[in-house]
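Q:
Residue numbers (our numbering), protein chains in the order written: chain A, 15 to 128; chain B, 3 to 116.
1) To which residues of the same chain is residue 49(A) closer than 7 Å at the C-beta, ignoring the five residues directly before and after it?
2) Using CA coordinates, which residue listed in 87(A), 64(A), 93(A) and 69(A) is at the minimum distance from residue 77(A)?
3) Mind pulling the beta strand (DSSP E) runs of 3 or more residues that sit fully within the region 15-59 of chain A?
4) Using a Cβ-Cβ cut-off of less than 7 Å, list which residues of the region 58-70 of chain A approach chain B; keep chain order.
5) For a test of the three-state rule: what should DSSP assign to residue 70(B), helix, strand or coil?
6) Return helix, strand or coil for residue 134(A), following the three-state DSSP convention.
7) Which of helix, strand or coil does DSSP assign to residue 20(B)?
8) Judging by CA-CA distance, which residue of 82(A), 102(A), 110(A) and 42(A) is the nearest neighbour of residue 123(A)?
9) Could you tell me the alpha carbon to alpha carbon distance between residue 91(B) and residue 57(B), rounded to whole angstroms?
10) Please name the residue or residues paired with residue 40(B) in a DSSP beta bridge.
11) Determine which residues of the region 44-76 of chain B have a Cβ less than 8 Å from any Cβ of chain D, and write them out in chain order.
12) Considering only residues of the same chain and omitting the five flanking positions on each side of residue 20(B), which have a CB-CB separation below 8 Å?
13) Thinking just about the alpha-carbon of each residue, which of 121(A), 128(A), 125(A) and 127(A) is nearest to the one in residue 40(B)?
14) Would you mind telling me which residues of chain A sit closer than 9 Å to residue 104(B), beta carbon to beta carbon, in chain order?
15) Check this for me: beta carbons of residue 23(B) and residue 69(B), under 8 Å apart or not?
16) Hey, how far is the Cα of residue 18(A) from the Cα of residue 39(A)?
17) Excluding the 5 residues flanking residue 69(A) on each side, which residues of the same chain have their C-beta closer than 7 Å to its C-beta?
18) Taking the C-alpha atoms as reference points, what is the distance between residue 79(A) and residue 26(B)?
19) For residue 53(A), count neighbouring C-beta atoms within 10 Å of its own C-beta (all shown protein chains included) and say buried if the count is 16 or more, exposed if not.
20) The beta strand (DSSP E) that contains residue 111(B), what's its start and end?
21) Counting only the same chain and skipping the five closest in sequence on each side, list residues whose C-beta sits under 8 Å from that of residue 11(B).
22) Mapping the DSSP letters down to three states, classify residue 63(B) as helix, strand or coil.
23) Taking 8 Å as the threshold (beta carbon to beta carbon), is residue 27(B) in contact with chain A?
24) Buried or exposed: where does residue 63(B) fall if 16 or more other Cβ atoms within 10 Å of its Cβ makes it buried?
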């Protein structure tokens, strides 16, 4: 069964460093998302992406964040200058669209900022 | 704007007993509603979805949920709990156009007592 994959599973970085989190969505899906879950809290929406552009972003998704679909398969989230409060589990999700509304989630990348 | 409220951050049931996890939604438009399950150190797995078809929705692992517009509820049930059901359960809502962002509840941790 097709699934969303994410790499790395765990990333440790120092405050102020740039990180890139990578996702490979399900191949025939058209909608892509990033969410995050701070430890012990609920899952929060960051950004959605469709047709090679951002369709919606949350207040969390400020100028330090960017997303890209550099080729036909990868979908990346970049944090330019990490802060301690960026420590969280980051989930990528994808949806087929075209009447199918389910979002399928990857296993997540745990980002630890020290 | 949409939101969901999950009553009970922790629920414990005996193995074989009924599981009832509560979710109430708020939406200015007809919502799409979802239940996701998160096992320890894993991503989010879709259990079931409501997308304005049948009000009683059956999902995986014997779970089902009923959409009640008059009560703005979408409670998750399972007739007989199994030890493998121990996990965190999240209710989520999205807007009218289906592929919009998911807004999650705070989650309910389900513990199964042997």
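We put the beta carbon where it would ideally sit given N, CA and C, even for glycine.
A: Per the coordinate set shown:
1) 57, 58, 59, 60, 105 and 107
2) 93(A)
3) 19-21, 24-27, 33-38 and 45-51
4) 59, 62 and 70
5) strand
6) The structure shown does not extend to residue 134(A), since chain A is modelled only from 15 to 128, so the question has no answer here.
7) coil
8) 102(A)
9) 20 Å
10) 46(B) and 90(B)
11) Absence of chain D from the displayed structure is noted, the protein chains being A and B.
12) 79, 80, 81, 82 and 83
13) 121(A)
14) 47, 49, 57, 59, 107 and 117
15) no
16) 5 Å
17) 62 and 63
18) 32 Å
19) exposed
20) 110-115
21) 108, 109, 110 and 111
22) helix
23) no
24) exposed
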